[in-house]
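*Asks:* Going line by line, the protein sequences match chains A and B.
Taking the UniProt record's numbering, I'd label the letters of the first sequence as residues 1 to 484.
Taking the UniProt record's numbering, I'd label the letters of the second sequence as residues 1 to 484.
2 protein chains.
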Amino acid sequence: MTDTSQDRHYTENVQNKLKQVESLLNKLALLEKIIHRQDLPREDRHSLVDTLAHRQHLAALRLKLDSLHPADIAYILEALPIERRLQVWDLVKTERDGKILVEVSEPVRESLITSMNREELDAAAGRLDTDEIADLAPDLPHDVMHDVFKSLSIEEREQLHAAISYSGDSVGALMDFNMIHIRDDATLELVSRYLRRFDELPDHTDQLFVVDRDDCFKGVLPLNRIVVNEPEVAVGKLIITDTLQLHPDEKAEQAALAFERYGLVSAPVVDEDGKLVGRVTVDVVLDFIRTGTENDLLNQAGLREKEDIFAPVWESAKNRWTWLALNLCTVFFASRVIGSFEGTIVKFVALATLLPIVAGIARNSANQTTAIILRSLSMGQITRDNARRLLLKELAIGVLNGLVWGGVSGLFAYFLYHSVSLGIVMTSAMLLNLMVGATASVAIPLIMQKLGRNPAIGSSVLITAITDSGGFFIFLGLATIFLT
Amino acid sequence: MTDTSQDRHYTENVQNKLKQVESLLNKLALLEKIIHRQDLPREDRHSLVDTLAHRQHLAALRLKLDSLHPADIAYILEALPIERRLQVWDLVKTERDGKILVEVSEPVRESLITSMNREELDAAAGRLDTDEIADLAPDLPHDVMHDVFKSLSIEEREQLHAAISYSGDSVGALMDFNMIHIRDDATLELVSRYLRRFDELPDHTDQLFVVDRDDCFKGVLPLNRIVVNEPEVAVGKLIITDTLQLHPDEKAEQAALAFERYGLVSAPVVDEDGKLVGRVTVDVVLDFIRTGTENDLLNQAGLREKEDIFAPVWESAKNRWTWLALNLCTVFFASRVIGSFEGTIVKFVALATLLPIVAGIARNSANQTTAIILRSLSMGQITRDNARRLLLKELAIGVLNGLVWGGVSGLFAYFLYHSVSLGIVMTSAMLLNLMVGATASVAIPLIMQKLGRNPAIGSSVLITAITDSGGFFIFLGLATIFLT
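1) Just checking, does the segment 122-129 of chain A make contact with the segment 80-93 of chain A on the three C-beta pairs under 8 Å criterion?
2) Which ranges does the beta strand (DSSP E) cover as unbroken runs of at least 3 residues, wholly within the UniProt domain "CBS" (239-297) of chain A, from first to last along the chain?
3) Within the 9 Å Cβ cut-off, does residue 187 of chain B reach chain A?
4) Specify whether the segment 258-274 of chain A and the segment 326-335 of chain B touch according to this definition: at least 3 beta carbon pairs, one from each stretch, less than 8 Å apart.
5) Any idea if residue 293 of chain B is buried or exposed, counting beta-carbon neighbours within 10 angstroms, 16 or more meaning buried?
6) Against chain A, with Cβ distances strictly below 9 Å, would residue 372 of chain B count as a contact?
7) For residue 479 of chain B, would you say it is in contact with chain A, using Cβ-to-Cβ distances shorter than 9 Å as the test?
8) In terms of alpha-carbon separation, which member of B/182, B/316, B/163, B/191 lies closest to residue 216 of chain B?
9) So residue 323 of chain A contacts chain B; which residues on that side make the cut at Cβ distance below 8 Å?
10) Between which two residues does the alpha helix (DSSP H) holding residue 70 of chain B run?
11) Below 8 Å on the Cβ atoms is my contact criterion, and I expect residue 222 of chain A with residue 207 of chain A to pass it. Report the Cβ-Cβ distance as a whole number of Å.
12) For the alpha helix (DSSP H) containing residue 118 of chain A, list its first residue and its last residue.
13) Is it the case that the segment 139-155 of chain B contacts the segment 193-200 of chain B, given that we only count it when at least three CB pairs across the two stretches are under 8 Å?
14) Could you give the distance in angstroms between the alpha-carbon of residue 256 of chain B and the alpha-carbon of residue 253 of chain A?
15) If I'm right that residue 107 of chain B touches residue 308 of chain B with Cβ under 8 Å, what's the distance once you round it to whole angstroms?
16) Could you work out which residues of chain C lie near residue 313 of chain B, taking near to mean beta carbons separated by less than 8 Å?
17) Counting only Cβ pairs nearer than 8 Å, list the residues of chain A close to residue 408 of chain B.
18) Using 8 Å as the cut-off, can you tell me whether the segment 375-395 of chain A makes contact with the segment 360-377 of chain B, which would need three or more C-beta pairs spanning the two stretches below that distance?
19) Would a check of beta-carbon distances place residue 81 of chain A closer than 9 Å to chain B?
20) So, is residue 382 of chain B buried or exposed, given that buried needs 16 or more other C-beta atoms within 10 angstroms?
21) Is residue 473 of chain B close to chain A? Criterion is C-beta to C-beta, closer than 9 Å.
22) So what does DSSP say about residue 54 of chain B, is it helix, strand or coil?
23) From residue 22 of chain B to residue 150 of chain B, what does the alpha carbon distance come to, in whole angstroms?
24) Going along chain B, which residues have a C-beta under 8 Å from residue 532 of chain A?
25) With distances taken from CA atoms, which of A/179, A/143, A/135 is nearest residue 161 of chain A?
26) Give a yes or no on whether the C-beta atoms belonging to residue 431 of chain B and residue 471 of chain B are separated by under 9 Å.
27) Excluding the 5 residues preceding and the 5 following residue 133 of chain B in the sequence, name in chain order all residues of the same chain whose CB lies nearer than 7 Å to its CB.
28) Leaving out five residues on either side along the sequence, give the residues of the same chain with a beta carbon under 6 Å from the beta carbon of residue 240 of chain B.
29) Is residue 6 of chain A helix, strand or coil when you go by DSSP?
30) Residues in the same chain with beta-carbon distance under 7 Å from residue 50 of chain A, minus the five sequence neighbours each way, listed in chain order, please.
31) Identify which residue in A/84, A/67, A/477, A/77 has its Cα closest to the Cα of residue 28 of chain A.
32) Use the C-beta contact count for residue 283 of chain B: other C-beta atoms within 10 angstroms, 16 or more gives buried, fewer gives exposed.
33) When you compare each of B/346, B/288, B/377, B/303 to residue 461 of chain B by their alpha carbons, which one comes out closest?
34) If we ignore side chains and look at the alpha-carbon of each, how far apart do residue 399 of chain A and residue 436 of chain A end up?
35) For the candidate residues A/384, A/305, A/296, A/246, whose alpha-carbon lies nearest to that of residue 281 of chain A?
36) Using 8 Å as the Cβ pair cut-off and three pairs as the minimum, do the segment 339-351 of chain A and the segment 447-455 of chain A touch?
Take a look at the structure:
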């Protein structure tokens, strides 16, 4: 639950807030430099004035931070280099630490948590809902988790236990427990009286969840319907029973697609016995979608995980090495493919100059196909019925591209080296390589999906390896047969 | 507004629904083939039975479609090849056409609209809200828009006019007009009585918008607060005034980030005079985010726009040609760079085999950096203060990678060709090229952003061109100096 009571300056652009914090930090840094100058006598008048100014700016910064929404502070922390980030983190009121930790991205969260001691972490986690504690759990030290666990009620312990046990890509991981349930035998009058006992309803309460005596899920009652109907109407007459029910073990991606398709704000999570165990809300789904597509972008570019842009060089380098190492193997292989045709290249050095054309166009074209296939896969739109059709279509585009761009490249080669046969070899090699690329870029993501792996990870490295080495082999092979 | 009254089988997985529709279509196709077989006499008994079965399956398919949510039908239409898509489209009840057209992706929408005549389109558009008509407007023929416009009330005409006039990436384009406004001098009692006049509130009504006599925006009153407070409380005591206000000309991306950060369900749109003109809801924001990140993925892969996976080969090819043509220019250039060192290659044919290593590793590493920079840019986290730091950091990673992977590659070259100087040239070339790549992949997106262009479009083509041609030039240049 976010606190809505305080003045949060929502109307101001968050980039402006960042700039204001940065400018205060700049002034502080400047003043600190002046104060700590060794060449001036310590009791110099300036120093006193500066110390005062320093204190003033510090107070201004603290005030500014207090006025910001936890999500805005999270945003600012992510955009600041490490030392400044920790400086700001120290100034944030302790009681808000928890909410902010939930909001920041994982690598930045790690950098903040390592700067905190056990008491601070206990205090931060202690103020959170159980589903939020579950989100932080992987990053919290064991002793802190132990303290937090001890401080919870039995019901909360069960919730936390459940929330932690679901795998990260399941509905269970998106779930919270802040749902309001009512009985199906009540009247609106009774429901209204029950609701007035709350000071405020949990965020994203667009509907109440209706259960029977055994906590079995019966349907939902939108707040909308409560306010447009007369108090004497029975809940049973207004509930919607044909509503989306999620299951804690279902894939989170499926739930996200359902939220998008049906424009949901919240949805009940029901276990296999039909019991209501929690709810999922649209804000969490939004986060999940943003993070998911971001990770896809990063994975496709060959990064292992999300990076703190100000992480130490060494850590960032490690994040990138898995794929670079794999890439090194594939280019070594491509290099040996060329090496095995050294004899041909010695006779026709022109071949060496044309190699990047054969590989480059096929690589680019395969990337386009991969992007389309990955999108359709993530939307769940590729079925057994249409996969063959897609492959044939991409092959056809490959042939078309091969004739057009292969033709242009053949002419390019002919005009440069005045050899008709070189031109023909060039065009044929590009045609064949584009077909190889099209096949690979449809087949590889589909096969990876079939094997239960994320097709966004590693597809493009593999496909590039195939169009590179394949292209070199086809081009130099044809040249060896027809030119020598 | 989506219709919530009907039974929509929410609880069933949409992929299953697609499979059911596909299997019905398969049966229909099979029956049609049997019925139209020319070698059997027309009055054959079988034919009658088959015709009956055909009619039954058709009825079953129509029934199935009637039971589906418009968004599910949109999903199914997108996943079907063109002829089957149009077959299903014909079976959908006319009164639901409009809602479905709003839901499908643009290229698929075009394929559906071209299959409809003026009357059908008039009927489809006539049932939509003005903001939905505005979404369809670019794809509707002029005469249909004319008919639709004539059928609207004066107020609706003004809304439609306003909605169409905002640019596609502004808040105005996300806005709808289904907000409920109340006066700040009312009591909850009065508000409740007003709300009971509605049969149902518009979707995503989590708050009412409070305005004064002149329609100036004063604040919001969450439904939450209505249900937890006693009827006699005055609206003025409960309204939240420090709430996010969007402006119609603001960038939609900014609004989306605000929805994510603050977990909003709806937000008021207010013009420069402080008048309430519309609202934005989270479902539209979700669509916007999904489409935006998808377009980024497609653009980075070198596609001009989103593609219907079953578009005719010719249309898909055109969508891909802009970037392939540009790519052809860059590889021709790279080819000429190699060509200008033909003399060196003739002497050391080993150089030709090592070229893909120098270019490939730098390309891959630059892609990683670009992905991180693009992510930070889209989150608005790169400021003047931290851009220099980022460049230095990426350069440092480039040097580290150059020493490690360049070193390995140097050894590879040495062991293959037994030349120490070749190994040193190899390592140096990779070190330099990785630094060139790091600089380009930080600088190019930042410069494009500065020039007001979308940095996701074209960055990677440019950066690849630089690491390819640059790598060839550095490697062959160093080789010419030190090996010959």
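Yeah, the Cβ is synthetic: ideal placement off N, Cα and C, and Gly gets one too.
Keep in mind the model is a prediction, meaning the values are calculated, not measured.
*Replies:* Answer, in terms of the structure:
1) No, they do not touch.
2) Runs of the beta strand (DSSP E) inside the UniProt domain "CBS" (239-297) of chain A: 266-270, 276-281.
3) The residue labelled residue 187 of chain B in the question sits at position 187 within the second sequence. Not closer than 9 Å to any Cβ of chain A, the Cβ of residue 187 of chain B fails to qualify, so no.
4) Taking 8 Å as the limit for Cβ pairs, the verdict is that the segment 326-335 of chain B does not touch the segment 258-274 of chain A.
5) Taking the first residue of the second sequence as 1, we reach residue 293 of chain B at position 293. Classification of residue 293 of chain B: buried, given that the 10 Å Cβ count is 16 or more.
6) Residue mapping note: residue 372 of chain B aligns to position 372 of the second sequence, counting from 1. Chain A, which has a Cβ nearer than 9 Å to the Cβ of residue 372 of chain B, makes this yes.
7) In the second sequence, the residue the question calls residue 479 of chain B occupies position 479. Answer no: the Cβ-Cβ gap between residue 479 of chain B and chain A never drops below 9 Å.
8) Numbered from 1 along the second sequence, position 216 holds the residue referred to as residue 216 of chain B. In terms of CA proximity to residue 216 of chain B, B/182 leads the group B/182, B/316, B/163, B/191.
9) By one-based count along the first sequence, residue 323 of chain A stands at place 323. Here the neighbours are 364, 368.
10) For this step, residue 70 of chain B is matched to residue 70 along the second sequence. Here the alpha helix (DSSP H) through residue 70 of chain B covers 70-79.
11) As a first step, residue 222 of chain A is located in the first sequence; it is residue number 222 there, counting from the start. As a first step, residue 207 of chain A is located in the first sequence; it is residue number 207 there, counting from the start. About 4 Å separates the beta carbon of residue 222 of chain A from that of residue 207 of chain A, a gap short enough to meet the 8 Å contact definition.
12) Residue 118 of chain A sits at position 118 when you count from the first residue of the first sequence. That run of the alpha helix (DSSP H) goes 118-126.
13) Counting C-beta pairs closer than 8 Å gives fewer than three between the segment 193-200 of chain B and the segment 139-155 of chain B, which falls short of the contact rule.
14) As a first step, residue 256 of chain B is located in the second sequence; it is residue number 256 there, counting from the start. As a first step, residue 253 of chain A is located in the first sequence; it is residue number 253 there, counting from the start. Approximately 20 Å, taken between the alpha carbons.
15) Numbered from 1 along the second sequence, position 107 holds the residue referred to as residue 107 of chain B. Numbered from 1 along the second sequence, position 308 holds the residue referred to as residue 308 of chain B. Yes, they are in contact, since the Cβ atoms of residue 107 of chain B and residue 308 of chain B sit about 4 Å apart, within 8 Å.
16) In the structure shown, chain C cannot be found, because the protein chains are A and B.
17) The count along the second sequence starts at 1 and reaches residue 408 of chain B at position 408. Among the residues of chain A, those whose CB is under 8 Å from the CB of residue 408 of chain B are 328, following chain order.
18) Fewer than three beta-carbon pairs drawn from the segment 375-395 of chain A and the segment 360-377 of chain B are found closer than 8 Å, and the two stretches are therefore not classed as touching.
19) By 1-based counting over the first sequence, the position of residue 81 of chain A is 81. For residue 81 of chain A, the closest Cβ of chain B is nearer than 9 Å.
20) On the second sequence, residue 382 of chain B is found 382 positions in, with the first residue counted as 1. Residue environment analysis places residue 382 of chain B among the buried positions, since at least 16 neighbouring C-beta atoms fall within 10 angstroms of its C-beta.
21) One-based indexing of the second sequence puts residue 473 of chain B at position 473. Chain A contact via Cβ: absent.
22) Here residue 54 of chain B corresponds to residue number 54 of the second sequence, with the count starting at 1. Three-state DSSP puts residue 54 of chain B in a helix.
23) Counting from 1 along the second sequence, the entry for residue 22 of chain B is found at position 22. Counting from 1 along the second sequence, the entry for residue 150 of chain B is found at position 150. Taking the straight line joining both Cα atoms gives about 40 Å.
24) One cannot answer for residue 532 of chain A here, as it falls past the ends of chain A, which runs 1 to 484.
25) Residue 161 of chain A sits at position 161 when you count from the first residue of the first sequence. Per the Cα distances, A/135.
26) Here residue 431 of chain B refers to the residue found at position 431 when the second sequence is read from its first residue. Here residue 471 of chain B refers to the residue found at position 471 when the second sequence is read from its first residue. No, they are not a contact pair.
27) Against the second sequence, residue 133 of chain B aligns to sequence position 133. Once the five neighbours on either side are set aside, the close Cβ partners of residue 133 of chain B are 125, 148, 160.
28) As a working note, residue 240 of chain B is residue 240 in the second sequence. Closer than 6 Å at Cβ, skipping near neighbours: 219, 220.
29) Position 6 of the first sequence, counting from 1, holds the residue named residue 6 of chain A. Any reading at residue 6 of chain A must be qualified, since the residue scores a pLDDT of 39, below 50, and its modelled position is unreliable; no value is offered.
30) Residue numbering aside, residue 50 of chain A sits at position 50 when the first sequence is read from its first letter. Taken in chain order, the residues that qualify are 31, 34, 35.
31) Position 28 of the first sequence, counted from the start, is the residue given in the question as residue 28 of chain A. Cα-wise, what sits closest to residue 28 of chain A is A/84.
32) For the purposes of this step, residue 283 of chain B is identified with residue 283 of the second sequence, where counting begins at 1. By the 10 Å Cβ count, residue 283 of chain B comes out buried.
33) Working through the second sequence from its first residue, we reach residue 461 of chain B at position 461. Relative to the Cα of residue 461 of chain B, the nearest Cα in the group B/346, B/288, B/377, B/303 belongs to B/303.
34) As a first step, residue 399 of chain A is located in the first sequence; it is residue number 399 there, counting from the start. As a first step, residue 436 of chain A is located in the first sequence; it is residue number 436 there, counting from the start. Whole-angstrom Cα-Cα distance: 10 Å.
35) For the purposes of this step, residue 281 of chain A is taken as the residue at position 281 of the first sequence. From the listed residues A/384, A/305, A/296, A/246, the smallest Cα separation to residue 281 of chain A is found for A/246.
36) As far as the Cβ criterion goes, the segment 339-351 of chain A does not touch the segment 447-455 of chain A, which means the pair count is below three.
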